[in-house]
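Notes for the one structure printed next.
Protein chains: 2
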Amino acid sequence: MGATVASISVHDVASRAGVSVGTVSNVLNRPERVSPETLERVTAAIRDLGFVRNDAARQLRAGSSRAMGLVVPDFSNPFFSDVARGAQDAADENGSVILLGNSDRSVARQGFYLDLFEEQRVRGMLIAPVGDVEQRLVRLRQRDIAAVLVGRSVPNSGLSSVSVDDVAGGERAVEHLVALGRRRLALVGGPSSMQAVIDRLAGARRAAQRLGAGLEVIETGALTILEGRAAGNRIVARTPAERPDAVFAANDLVALGLVQSFVMGNGLSIPRDIAIVGYDDIDFASSAVVPISSIRQPSVIIGRTAVERLVAEAGGAEQPGVDIQFQPTLVVRASTTL
Amino acid sequence: MGATVASISVHDVASRAGVSVGTVSNVLNRPERVSPETLERVTAAIRDLGFVRNDAARQLRAGSSRAMGLVVPDFSNPFFSDVARGAQDAADENGSVILLGNSDRSVARQGFYLDLFEEQRVRGMLIAPVGDVEQRLVRLRQRDIAAVLVGRSVPNSGLSSVSVDDVAGGERAVEHLVALGRRRLALVGGPSSMQAVIDRLAGARRAAQRLGAGLEVIETGALTILEGRAAGNRIVARTPAERPDAVFAANDLVALGLVQSFVMGNGLSIPRDIAIVGYDDIDFASSAVVPISSIRQPSVIIGRTAVERLVAEAGGAEQPGVDIQFQPTLVVRASTTL
DNA sequence: CTGTTAGCGCTTTCAT
DNA sequence: ATGAAAGCGCTAACAG
């Protein structure tokens, strides 16, 4: 009991099967080049001994890893866990592993994971970036580590990206709200330095202008339920005449917070007093106090596509610099249905 | 542009700094043994050349990896992403990386990740198990790969675990419901083969018996919002007299589904007609149509503790076989407040 | 304090 | 179809 078994190597397997290590390696990697009987014998030895290949050695010799790094800014946002799920599915099909890093929107932590993954010589990096990473990723590319941006594109950087047209998403949200007859709109979200917020706002502005509606910006410190609730409380504190009659939340977490604040004893009726559209269409949007209309991003598909792109580019097989952009779609629910 | 830089090795650094590779290794691993000037020179060379240590080689020679595998059954359940977050935080502090696997409640996929991580020679495995993994993990232990169970304990297996007392959680839920005056209780959850469901039900049964309340089991195929909604619809379809007056949902996702179904046009009032208690206290429980009372598990702390336990046991430093169990706590919200 | 050197376990020519 | 042997890049003795 508990007698620690020293790690079994190809040598042990080879001697047990009465062949050379080269043959064992062939069984592992190119079984078709091995005669049926030998294959059988080696396979049996592997099974009997409980041999498990040491991937570090494989990687050292072969020069390539089977891992890909994925860095997301916020793992507790279901949008990103959906992206991760899609990435993981695609990686599995490829025999790859995903190394996961949560940057928590900190540029430092993001850098930490980038370093770590580089030390692991990952095949590539998937990154939903915080701040400016272009330089860093371009440098990685020069070391044969492919990188794919998720959720943001950096034109002319030579970096590929998989994203959703956030400007269009902003437009769709505002168009929907205006079609409801609302004219005093507000975008709730922030910080305003986030590219997603910038783009969604740009789209919202454009549509508001075009359709003759007003658009105010109510900034939050982050895109969380808590910040959404705080922003909601600020809106509730205004006189009815000063309140917007519709809000576009920069993501569903914020929308969820807004709904909480409007409904919880504040007597504001959604959508009668204020209509709400969120963004991302996370699963929980439909189970809110008032089910929330939302701009859907194909999150799982984004993750999957990013991995596929990475695989295509890893090893220099294909040229990088491809921007894949999905179109968001509007999902209408009770928060905008009278 | 794009001229691929061949990977920089310790040799390159050594020759650029005019020292031997051994010294470079010392700078990397035991800087205190290197003279200040040499340290400075080598550090400069590392910076200038952009050297990044190859971890596969390090690991091959040093024999140990800095990665730990984490296998969870369902990544889109916020409970597990919270556990993962806690694990990741603790791993960071330890200079370790988390390899993440999502088993999707499939024993096959779980085995796939276990194999994969074993090939990576991870320092240890954190696993929120599906089905029977005891054998597998005990075997790993014999190969010096520590394993810590998350969310379930297997007494006498020699495996450490970090879990929450699910039986106590079930008791707390039922006690609360009975204290509200309810007597026709139902537990909604499944499949009944899940250990968490078994334990929570056992606790619920015990409390119901002790307090003289009835407890019916309404089984679901999984612990998801969708399944919760389906179960809710089945309850709504009954005659009022046949309906339970309180339900204990085996987790918050199910509770969320129940709430949706009861509220959506079915005219059932929560908690007047039916009170609801969930389990896990995920963030979204408080933003539901009716904020949901829930049995809270310290998810982030569970993840963190599991990693700490793993680190303590990895390398045989400490004896395994320690069961750490947290007590769940009841969080009361509108779904059980008249 | 620094240099030399022998592998870690595997893959991969190159012979046979 | 199989074997022999040379490393992949690094660390850890051991000398000096």
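Chains as they are written, first to last, in the numbering used here: chain A, 1 to 338; chain G, 1001 to 1338.
Cβ coordinates follow ideal geometry from the N, Cα and C atoms, glycine included.
Could you tell me the distance, in whole angstroms, from the CA atom of residue i to the CA atom of residue j?
| i | j | result |
| --- | --- | --- |
| Val162 (chain A) | Leu223 (chain A) | 21 Å |
| Thr1004 (chain G) | Arg141 (chain A) | Bear in mind that a pLDDT of 44 at Thr1004 (chain G), under 50, signals an unreliable position, so the model cannot answer this. |
| Ile1198 (chain G) | Asp1165 (chain G) | 12 Å |
| Asn341 (chain A) | Pro320 (chain A) | Residue 341 (chain A) lies beyond the stretch modelled for chain A, which goes from 1 to 338, so this question has no answer here. |
| Gly18 (chain A) | Ala1062 (chain G) | 29 Å |
| Glu171 (chain A) | Gly181 (chain A) | 16 Å |
| Val259 (chain A) | Gly131 (chain A) | 30 Å |
| Thr1043 (chain G) | Arg139 (chain A) | 19 Å |
| Arg1105 (chain G) | Ala1275 (chain G) | 30 Å |
| Val1289 (chain G) | Asn1077 (chain G) | 19 Å |
| Ala241 (chain A) | Asp273 (chain A) | 11 Å |
| Gly158 (chain A) | Gly1278 (chain G) | 49 Å |
| Thr1239 (chain G) | Asn1233 (chain G) | 12 Å |
| Ile1008 (chain G) | Arg1016 (chain G) | 11 Å |
| Glu1318 (chain G) | Arg41 (chain A) | 39 Å |
Give me, in chain order, the residues of the same chain whose beta-carbon lies closer than 6 Å to that of residue i; leave out the 5 immediate sequence neighbours on both sides.
| i | result |
| --- | --- |
| Arg123 (chain A) | Ser65, Met68, Ala314 |
| Gly101 (chain A) | Val71, Tyr113 |
| Gln59 (chain A) | Ser65 |
| Pro271 (chain A) | Ser335, Thr336 |
| Ser1035 (chain G) | none |
| Asn1094 (chain G) | Val1311 |
| Glu227 (chain A) | Thr220, Gly221 |
| Asn992 (chain G) | Nothing can be reported for residue 992 (chain G): it is not among the residues displayed for chain G, which extend from 1001 to 1338. |
| Val1154 (chain G) | Glu1134 |
| Val1103 (chain G) | For the record, residue 1103 (chain G) in the displayed sequence is Ser; it is not Val. So the qualifying residues of the chain are Val1071, Pro1073, Arg1109, Gln1110, Val1130. |
| Val307 (chain A) | Ala87, Ala90, Ala91 |
Return the bridge partner residues of residue i from the DSSP annotation.
| i | result |
| --- | --- |
| Arg184 (chain A) | A:Gly214 |
| Gln393 (chain A) | In this structure chain A extends from 1 to 338, so residue 393 (chain A) is not present and cannot be described. |
| Ile342 (chain A) | Look at the range of chain A in this structure, 1 to 338, and you will see that residue 342 (chain A) is not part of it. |
| Ile1127 (chain G) | G:Val1071, G:Leu1149 |
| Val331 (chain A) | A:Ser294 |
| Gly189 (chain A) | A:Glu219 |
Whose C-beta lies closer than 8 Å to the C-beta of residue i among residues of the same chain, with five residues either side of it excluded?
| i | result |
| --- | --- |
| Arg1296 (chain G) | Asp1280, Asp1281, Pro1328, Thr1329, Leu1330, Val1331 |
| Asn1185 (chain G) | Reading off the sequence, residue 1185 (chain G) comes out as Leu, not Asn. Correct list, in chain order: Val1174, Leu1177, Val1178, Ala1204, Ala1208, Ala1213, Gly1214, Leu1215, Glu1216, Pro1244, Asp1245, Ala1246, Val1247, Phe1248. |
| Phe1079 (chain G) | Asn1251, Asp1252, Asp1280, Ile1282, Gln1297, Ser1299 |
| Leu39 (chain A) | Val27, Pro31 |
| Ala340 (chain A) | There is no way to answer for residue 340 (chain A), as the model of chain A reaches only from 1 to 338. |
| Asp1144 (chain G) | Gly1315, Gly1316 |
| Glu1037 (chain G) | none |
| Ile301 (chain A) | Gly86, Phe326 |
| Arg229 (chain A) | Gly257, Leu258, Gln260, Ser261 |
Using CA atoms only, rank isn't needed, just tell me which of the options is closest to residue i.
| i | options | result |
| --- | --- | --- |
| Gly1151 (chain G) | G:Met1194, G:Glu1171, G:Arg1205 | G:Met1194 |
| Ala1237 (chain G) | G:Phe1262, G:Arg1061, G:Ile1301, G:Leu1226 | G:Phe1262 |
| Arg99 (chain A) | G:Asn1094, G:Ala1108, G:Glu1093, G:Gln1088 | Residue 99 (chain A) is actually Leu in this sequence, not Arg. It is G:Gln1088. |
| Ser160 (chain A) | A:Met125, A:Val167, A:Val130, A:Gly63 | A:Met125 |
| Leu1201 (chain G) | G:Ala1168, G:Gly1232, G:Arg1016, G:Ala1230 | G:Ala1168 |
| Ile54 (chain A) | G:Pro1191, G:Asp1115, G:Ala1230 | Looking at the sequence provided, one finds Asn at residue 54 (chain A) rather than Ile. When each option's Cα is compared against that of Asn54 (chain A), the closest is G:Asp1115. |
| Ala108 (chain A) | A:Arg136, A:Asn94, A:Ala91, A:Glu93 | A:Arg136 |
| Ser269 (chain A) | A:Ser192, A:Leu338, A:Arg183, A:Arg85 | A:Leu338 |
| Pro291 (chain A) | A:Glu37, A:Ala255, A:Val42, A:Arg33 | A:Ala255 |
| Ile1324 (chain G) | G:Gly1189, G:Ala1312, G:Thr1305, G:Ser1192 | G:Thr1305 |
| Ala1285 (chain G) | G:Ile1225, G:Ile1302, G:Phe1326 | G:Ile1225 |
| Leu211 (chain A) | A:Asp273, A:Gly86, A:Arg183 | A:Arg183 |
| Gly190 (chain A) | A:Ala231, A:Ala241, A:Ile8 | A:Ala231 |
| Met264 (chain A) | G:Met1264, G:Arg1333, G:Ile1301 | G:Arg1333 |
| Glu1118 (chain G) | G:Phe1326, G:Ala1091, G:Ala1146, G:Asp1092 | G:Ala1146 |
| Gly303 (chain A) | A:Asp48, A:Arg41, A:Gly50, A:Ala90 | A:Ala90 |
For residue i, collect the residues of the same chain with a Cβ closer than 7 Å to its Cβ; drop the 5 residues on either side in sequence, then sort them by chain order.
| i | result |
| --- | --- |
| Met1001 (chain G) | Low local confidence applies: a pLDDT of 34 at Met1001 (chain G) is under 50, so the model's placement there is unreliable, with the coordinate-based value given in what follows. So the list is empty, once near-sequence residues are dropped. |
| Val1010 (chain G) | Val1021, Val1024, Ser1025 |
| Gln1120 (chain G) | Ser1065, Ala1067, Leu1099 |
| Val322 (chain A) | Ser160, Arg309 |
| Ile1046 (chain G) | Val1013 |
| Arg33 (chain A) | Asn26 |
| Arg1206 (chain G) | Glu1171 |
| Val97 (chain A) | Arg66, Ala67, Ala91 |
Complete runs of the beta strand (DSSP E) confined to the segment 1216 to 1300 of chain G [at least 3 residues]: Qualifying beta strand (DSSP E) stretches, in chain order: 1246 to 1249, 1275 to 1280, 1293 to 1296.
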